[in-house]
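Asker:
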Amino acid sequence: MRLAKVRIERFQNFMDGQTINIEPDVTCLVGKNESGKTTVLKALHRLKPANGTGREFNLTTEYPRSRLARDRRQEDLNSFCPVIAWFHLEDSDRAALDEAGLNLPKTANLVLQIGRGYGNGRYVDLEVDFRELLADAATAADVHEDDLAQIEAMTATELADECKALAKQLKDAGEAARSKAIAALAKEVARLDEHSGRLEDDVMEAAWALVPAFFYFSDYDTLPGTCDLEVLAQKVSDEDALSPRDQTVLALLEYANEKPGDFLDEDFDSRKAELQAAGSDLSQKVFEYWKQNDDLTVVFDTDMPVVGTEVRHPGVEVEVRHRTLHILLRDDRHGGVETNFETRSAGFQWFFSFLAAFSKYQGSKEKVIVLLDEPGTKLHGEAQRDFLRYIHNELGSEQQVLYTTHSQHMIDPAKYEKMRAVHDRATRTNVNAGVAVTTVDLSADRDTVLPVEAALGYSVSQHLFFGSGHHLLVEGSADFVYMQRLSDYLIGEGKPGLDGQFAAIPVGGIDNFAPFIALMGRRFPLTALMDGAESTRQHQRAERAARAVGVDTDAIIVCGSIRDDLPATADIEDLFDPEDYLWLYNRAIGPLELADLASTPEPIIKRIHSARGVFDHALPAHELTRSADEFFAQVRPATLERFAALFAMLEATLHAD
Numbered sequence: 005m006r007l008a009k010v011r012i013e014r015f016q017n018f019m020d021g022q023t024i025n026i027e028p029d030v031t032c033l034v035g036k037n038e039s040g041k042t043t044v045l046k047a048l049h050r051l052k053p054a055n056g057t058g059r060e061f062n063l064t065t066e067y068p069r070s071r072l073a074r075d076r077r078q079e080d081l082n083s084f085c086p087v088i089a090w091f092h093l094e095d096s097d098r099a100a101l102d103e104a105g106l107n108l109p110k111t112a113n114l115v116l117q118i119g120r121g122y123g124n125g126r127y128v129d130l131e132v133d134f135r136e137l138l139a140d141a142a143t144a145a146d147v148h149e150d151d152l153a154q155i156e157a158m159t160a161t162e163l164a165d166e167c168k169a170l171a172k173q174l175k176d177a178g179e180a181a182r183s184k185a186i187a188a189l190a191k192e193v194a195r196l197d198e199h200s201g202r203l204e205d206d207v208m209e210a211a212w213a214l215v216p217a218f219f220y221f222s223d224y225d226t227l228p229g230t231c232d233l234e235v236l237a238q239k240v241s242d243e244d245a246l247s248p249r250d251q252t253v254l255a256l257l258e259y260a261n262e263k264p265g266d267f268l269d270e271d272f273d274s275r276k277a278e279l280q281a282a283g284s285d286l287s288q289k290v291f292e293y294w295k296q297n298d299d300l301t302v303v304f305d306t307d308m309p310v311v312g313t314e315v316r317h318p319g320v321e322v323e324v325r326h327r328t329l330h331i332l333l334r335d336d337r338h339g340g341v342e343t344n345f346e347t348r349s350a351g352f353q354w355f356f357s358f359l360a361a362f363s364k365y366q367g368s369k370e371k372v373i374v375l376l377d378e379p380g381t382k383l384h385g386e387a388q389r390d391f392l393r394y395i396h397n398e399l400g401s402e403q404q405v406l407y408t409t410h411s412q413h414m415i416d417p418a419k420y421e422k423m424r425a426v427h428d429r430a431t432r433t434n435v436n437a438g439v440a441v442t443t444v445d446l447s448a449d450r451d452t453v454l455p456v457e458a459a460l461g462y463s464v465s466q467h468l469f470f471g472s473g474h475h476l477l478v479e480g481s482a483d484f485v486y487m488q489r490l491s492d493y494l495i496g497e498g499k500p501g502l503d504g505q506f507a508a509i510p511v512g513g514i515d516n517f518a519p520f521i522a523l524m525g526r527r528f529p530l531t532a533l534m535d536g537a538e539s540t541r542q543h544q545r546a547e548r549a550a551r552a553v554g555v556d557t558d559a560i561i562v563c564g565s566i567r568d569d570l571p572a573t574a575d576i577e578d579l580f581d582p583e584d585y586l587w588l589y590n591r592a593i594g595p596l597e598l599a600d601l602a603s604t605p606e607p608i609i610k611r612i613h614s615a616r617g618v619f620d621h622a623l624p625a626h627e628l629t630r631s632a633d634e635f636f637a638q639v640r641p642a643t644l645e646r647f648a649a650l651f652a653m654l655e656a657t658l659h660a661d
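The sequence shown: position 574 = 578 (the numbering used here), numbered continuously.
Following this line, the structure appears as C-alpha cells:
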C-alpha cells in the first residue's frame with residue numbers, strides 16, 4: 005500500500021485544507037522555522053503511529069485556537085477529521101481484502117481513503133474509479149462493441165436507467181443477445197460497486213491492518229548517555245509512560261535480543277556483550293554514509309549507582325541501587341578516550357540513534373512510512389549530504405520517507421519535484437490565513453525557498469540583478485561561450501545574433517533545468533536551451549515543470565529541433581560543422597580526424613567518446629575564446645547558418661511573452 009496524498013485541515017496552524025501529494029519514495033518538506041513542516045509530520049503520525057508519544061489528537065490544544073469557540077457551536081468537532089490520507093492498493097493488499105470478503109473489482113486504480121477525527125475515531129473508505137469499473141463490467145458482460153461508445157458515455161447516477169432503456173431498445177430491435185449483455189452489465193456494475201464508500205467494521209479492521217504505520221523521529225528521540233534499566237523495565241508494561249528516548253533505548257536492546265529486565269540478573273555481563281555486538285553492527289551501518297570520523301566506537305557499560313534510600317525496618321535505612329546502562333563514545337583517533345554519548349559528536353548521536361530506533365523495521369515485512377523531523381541539523385554540511393544520500397539511496401528505496409528541512413545541504417536540487425514548500429501565511433492582522441503547502445517555486449516567500457536557492461548555487465540578489473532581462477538557461481559554461489562568440493561574429497558581419505535582452509545562466513547540468521524552471525518560472529521570463537531531443541526524459545521533466553508554473557513549453561528549445569540536418573539528440577556542439585568542431589578539439593585536445601569517427605547519425609560528442617574516450621567539453625569552448633580570429637577565418641557556412649537558426653528560434657520566444 006502506497007501513500008499517494010494527504011489532506012490536513014484545522015490542525016494547529018493549518019486552517020484551510022491543504023492537500024499534499026506524496027512521492028512514492030522520498031518527499032522533502034522545505035520551509036523556515038515555525039512554518040508548519042513539523043505539523044504535517046505530527047498529523048500523519050497521529051493517523052496510525054508506529055512509535056513515540058502524543059499518539060492521539062487533543063481537540064482543546066490542537067484545534068486552531070482562534071476558531072475553537074465559534075466552530076464548537078456550529079458542529080461536532082470530535083467527528084471532524086484534521087488528517088485524511090489516500091493510499092493506492094497493491095496486489096498483495098487486494099488479495100488480503102478479497103480474503104476478508106471484500107470481493108474487489110479488478111480495476112487498476114483502487115484507493116483507500118482513511119481518516120482520524122479529533123475524537124480519535126477512524127474510518128476507511130474505498131474509492132473505485134467508475135470508468136475503470138465500467139470497462140471491467142463491460143468485458144465481463146461481453147457487451148457488443150457497437151454498444152461500447154454509448155456505455156462509456158454513461159455516468160454513475162444514470163447508469164441503471166440508461167442500461168434499462170438501452171436493453172429494451174435492443175430487444176425491440178431483435179438484438180436479444182446484445183440486450184441481455186446490457187442487462188448483465190448493469191448487474192455487474194452494481195455488484196462491483198457494492199463495496200465502494202465506507203467499509204463495514206469487520207472489513208474496515210482488515211483494511212486498517214494493511215495501512216502502513218508512521219514512524220516519527222526527531223532530536224527528542226536520540227539515545228541518552230545513561231539509562232536506569234530498572235526504571236525502564238518498570239515502564240515497559242505502560243507504553244504511555246515511555247519517553248521517546250526510552251523507546252529508542254528499548255529498540256536498541258531489542259536489536260540485541262535483550263530486554264531491560266535481562267540486565268537485572270547475575271548474567272548481565274553476557275548481556276552487555278550482546279549489546280556491544282549490536283552496537284558495532286549499527287556503527288558499521290552509520291559509517292557507510294557518515295564519513296566525518298570513522299574512528300568512533302559505541303561502547304556500553306553498566307554499574308550500580310546509589311539512586312536513593314529506603315527504610316526497610318524501623319530505624320534501618322538502606323541504600324537503593326539500580327542497574328544503569330552507560331552509552332559511551334570511544335574516539336580511537338584521539339587515544340581511545342571514552343566520553344558520554346550525549347557530550348560528543350551530535351551528528352553521530354543522531355545517525356546512530358535513528359538506526360537504533362528504526363532497526364525494528366529495517367528489513368522487516370512490517371510496512372512503515374518514515375517521518376524525519378529536521379534530520380541532520382547537527383551534522384556538518386558535508387555530513388548532511390552523506391545523510392541525504394542515505395535517505396534517497398537506502399531508506400527511500402525500501403519505504404516511503406517524508407522529511408523536513410531548512411538546510412541547503414539536505415536538499416538535492418536535481419530532485420526538486422520531490423520538494424514541497426511549507427509557508428505560514430498568518431500575520432498579526434490575519435491570524436486565520438494559516439499554512440499553505442505548494443510545489444517549490446519562487447511564488448513561495450523567499451525565506452521558504454532560500455535553502456533551495458542556495459542549493460542551486462544562486463542568490464536572490466543575483467536574480468534581482470538579472471530581473472530586468474529575459475533569462476536564458478543553458479546547461480553549462482561551454483554553451484554560453486559558443487553562443488556568445490558566434491553571436492559576436494554574426495553581428496560583426498551585419499547579421500542577427502543573440503538578442504541583447506537575454507541574460508544567460510548556466511544551470512550546471514541537464515538535471516538542473518527542471519528545478520531552475522520550477523523556481524524561476526513564476527517570477528522571471530525565461531527560455532531554456534537543452535541538449536538532446538524532445539522525447540528525452542529530462543526534456544519531458546522540464547516541460548512538466550514549465551506547465552506547473554505557467555511557462556510556455558515552446559520556450560524550452562532542444563538542439564535537435566533547430567534544423568532538420570542535425571541529429572535527433574543533438575548537443576550544442578552539433579551546430580558546428582564537424583570539421584569546425586574538430587578544428588577546436590584538435591587544438592584543445594587532438595589530434596583527431598573526421599575519418600576516425602563512426603559514420604553514424606549520433607551527436608559528435610558521442611562519436612568522439614566512442615573513438616577517443618570521455619573528455620572535458622569545456623576545453624574546445626575555451627579554445628574558441630583563445631583562437632577566435634583564426635577559427636572564424638576558416639569557419640564553414642553550415643556552422644554560421646545553424647547558429648543563426650538557433651538565435652532566430654531563441655528570439656521568437658521573446659515575442660511570445
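C-beta atoms are modelled at their ideal positions from N, C-alpha and C, and glycine is treated no differently.
For clarity, every value in this text was computed on a predicted model and none was experimentally measured.
(1) Which residues mark the beginning and the end of the beta strand (DSSP E) in which residue 215 is found?
(2) Out of curiosity, what's the CA-to-CA distance linking residue 386 and residue 351?
(3) Would you say the stretch 521–541 touches the stretch 611–625, given that touching needs at least three Cβ pairs under 8 angstroms?
(4) Where do the ends of the beta strand (DSSP E) carrying residue 300 lie?
(5) State buried or exposed for residue 656, treating a residue as buried only when at least 16 other CB atoms are found within 10 Å of its CB.
(6) Among residues of its own chain, excluding the 5 on either side of residue 9, which ones have a beta-carbon nearer than 7 angstroms to its beta-carbon?
(7) So which of 491, 651, 592 and 586 has the shortest CA-CA distance to residue 687?
(8) Confirm, please, whether the CB-CB distance from residue 267 to residue 55 is below 9 angstroms.
(9) Provide the residue(s) that pair with residue 231 in DSSP beta bridges, ordered along the chain.
(10) To the nearest angstrom, how far is it from the Cα of residue 211 to the Cα of residue 353?
(11) Please state the DSSP three-state secondary structure of residue 294.
(12) Between 605, 6, 7 and 14, which has its C-alpha nearest residue 437's C-alpha?
(13) In or out: residue 516 buried (at least 16 other Cβ within 10 Å) or exposed?
(14) Does DSSP put residue 529 in a helix, in a strand, or in coil?
(15) Do residue 262 and residue 275 have their CB atoms nearer than 9 angstroms?
(16) Who pairs with residue 424 in a beta bridge, going by DSSP?
(17) Once DSSP output is grouped into helix, strand and coil, what is the label at residue 385?
(18) Mind checking who residue 18 pairs with in its DSSP beta bridge?
(19) Where do the ends of the beta strand (DSSP E) carrying residue 510 lie?
(20) Taking only three categories from DSSP, how would you classify residue 645?
(21) Just checking, does the stretch 281–298 make contact with the stretch 232–239 on the three C-beta pairs under 8 angstroms criterion?
(22) Give the range of the beta strand (DSSP E) segment to which residue 67 is assigned.
(23) From residue 176 to residue 203, what does the alpha carbon distance come to, in whole angstroms?
(24) Would you kindly work out how many angstroms separate the C-alpha atoms of residue 251 and residue 371, rounded to a whole number?
(25) Could you check whether the stretch 417–426 touches the stretch 33–41, counting it as contact only if at least three pairs of C-beta atoms, one from each stretch, sit closer than 8 angstroms?
(26) Please list, in chain order, all residues of the same chain as residue 145 whose beta carbon is under 7 angstroms from its beta carbon, the five residues on each side excluded.
(27) Residue 442: which of 39, 7 and 29 sits nearest, CA to CA?
(28) In the DSSP assignment, find the unbroken alpha helix (DSSP H) run with residue 49 in it and report its ends.
(29) Residue 496 to residue 647, Cα distance in whole Å?
(30) On the DSSP letters alone, give me the boundaries of the beta strand (DSSP E) that residue 57 sits inside.
(31) Here's a check: name, in chain order, each residue in its chain whose Cβ is nearer than 7 angstroms to the Cβ of residue 75, leaving out the five neighbours to either side.
(32) Does DSSP put residue 8 in a helix, a strand or coil?
(33) Quick check on residue 343: does DSSP put it in helix, strand or coil?
(34) Would the stretch 501–521 and the stretch 469–489 be scored as touching if the rule is three or more Cβ pairs under 8 angstroms?
(35) Per DSSP, which one or two residues make a beta bridge with residue 483?
(36) So for residue 591, helix, strand or coil by DSSP?
Answerer: Quick answer:
(1) Position 211 of the sequence shown, counted from the start, is the residue given in the question as residue 215. Residue 215 -> no beta strand (DSSP E), and no H or E assigned at all.
(2) Counting from one through the sequence shown, the residue named residue 386 turns up at place 382. Counting from one through the sequence shown, the residue named residue 351 turns up at place 347. Looking at the two C-alpha atoms, the distance is approximately 11 angstroms.
(3) The stretch 521–541, when compared against the stretch 611–625, does not touch it at the 8 angstroms Cβ threshold.
(4) What you label residue 300 is simply residue 296 of the sequence shown in a count that begins at 1. Residues 300–307.
(5) Start at 1 with the first residue of the sequence shown, and residue 656 comes out as number 652. In this structure residue 656 is exposed. Its beta-carbon is surrounded by fewer than 16 other beta-carbon atoms within 10 angstroms.
(6) Counted from its first residue, the sequence shown places residue 9 at position 5. The residues are 23, 24, 25, 26 and 90.
(7) This structure cannot speak to residue 687, because the chain is shown only from 5 to 661.
(8) Stepping through the sequence shown from its first residue, residue 55 is reached at position 51. Stepping through the sequence shown from its first residue, residue 267 is reached at position 263. Result no, Cβ atoms of residue 55 and residue 267 do not sit closer than 9 angstroms.
(9) Position 227 of the sequence shown holds residue 231. Residue 231 is bridged to 329.
(10) Locating residue 211 in the sequence shown gives position 207, counting from the first residue. Locating residue 353 in the sequence shown gives position 349, counting from the first residue. Whole-angstrom Cα-Cα distance: 37 angstroms.
(11) Here the question's residue 294 lines up with position 290 in the sequence shown. In the displayed model, residue 294 falls within coil according to three-state DSSP, outside both helix and strand.
(12) By 1-based counting over the sequence shown, the position of residue 437 is 433. Of the candidates 605, 6, 7 and 14, the one whose C-alpha sits nearest the C-alpha of residue 437 is 14.
(13) Mapped onto the sequence shown, residue 516 falls at position 512. Under this definition residue 516 is a buried residue.
(14) For this step, residue 529 is matched to residue 525 along the sequence shown. Residue 529 sits in coil when the DSSP states are folded into three classes, being neither helix nor strand.
(15) Reading the sequence shown from its first residue, position 258 is the one you call residue 262. Reading the sequence shown from its first residue, position 271 is the one you call residue 275. Yes, the Cβ-Cβ distance between residue 262 and residue 275 is below 9 angstroms.
(16) As a first step, residue 424 is located in the sequence shown; it is residue number 420 there, counting from the start. Its beta-bridge partners are 33 and 443.
(17) Here residue 385 corresponds to residue number 381 of the sequence shown, with the count starting at 1. Helix at residue 385.
(18) Looking up residue 18 in the sequence shown gives position 14. Per DSSP, 15.
(19) Taking the sequence shown and counting its residues from 1, one reaches residue 510 at position 506. Its beta strand (DSSP E) spans residues 506–510.
(20) One-based indexing of the sequence shown puts residue 645 at position 641. Reduced to three states, the DSSP call for residue 645 is helix.
(21) In short, these stretches do not touch, since the Cβ pair count stays below three.
(22) The residue you call residue 67 lines up with position 63 of the sequence shown. Here residue 67 belongs to no beta strand (DSSP E), and DSSP marks it neither H nor E.
(23) By one-based count along the sequence shown, residue 176 stands at place 172. By one-based count along the sequence shown, residue 203 stands at place 199. Taking the straight line from one Cα to the other gives about 41 angstroms.
(24) Sequence index remark: in the sequence shown, residue 251 carries index 247 (1-based). Sequence index remark: in the sequence shown, residue 371 carries index 367 (1-based). Cα to Cα, residue 251 sits roughly 19 angstroms from residue 371.
(25) Proximity of the stretch 417–426 to the stretch 33–41 meets the contact definition, three or more beta-carbon pairs being nearer than 8 angstroms.
(26) To locate residue 145, count along the sequence shown from 1; it is residue 141. Once the five neighbours on either side are set aside, the close Cβ partners of residue 145 are 185, 188, 189 and 192.
(27) Here residue 442 refers to the residue found at position 438 of the sequence shown. Nearest of 39, 7 and 29 to residue 442, Cα basis: 39.
(28) In the sequence shown, counting from the first residue as 1, residue 49 sits at position 45. Where residue 49 is concerned, the enclosing alpha helix (DSSP H) stretches over 41–51.
(29) Sequence index remark: in the sequence shown, residue 496 carries index 492 (1-based). Sequence index remark: in the sequence shown, residue 647 carries index 643 (1-based). Straight-line measurement puts the Cα of residue 647 at about 14 angstroms from the Cα of residue 496.
(30) Here residue 57 corresponds to residue number 53 of the sequence shown, with the count starting at 1. Unbroken run through residue 57: none, as it is neither H nor E.
(31) Start at 1 with the first residue of the sequence shown, and residue 75 comes out as number 71. Excluding residues within five positions, the ones whose Cβ falls inside 7 angstroms are 81.
(32) As a working mapping, residue 8 is identified with position 4 in the sequence shown. Residue state, collapsed to three classes: strand.
(33) Within the sequence shown, residue 343 is the residue found at index 339, counting from 1. In the structure shown, residue 343 falls within a strand segment according to DSSP collapsed to helix, strand and coil.
(34) As far as the Cβ criterion goes, the stretch 501–521 touches the stretch 469–489, which means the pair count is three or higher.
(35) Taking the sequence shown and counting its residues from 1, the one referred to as residue 483 is at position 479. Per DSSP, none; premise fails for residue 483.
(36) Position 587 of the sequence shown, counted from the start, is the residue given in the question as residue 591. Helix at residue 591.
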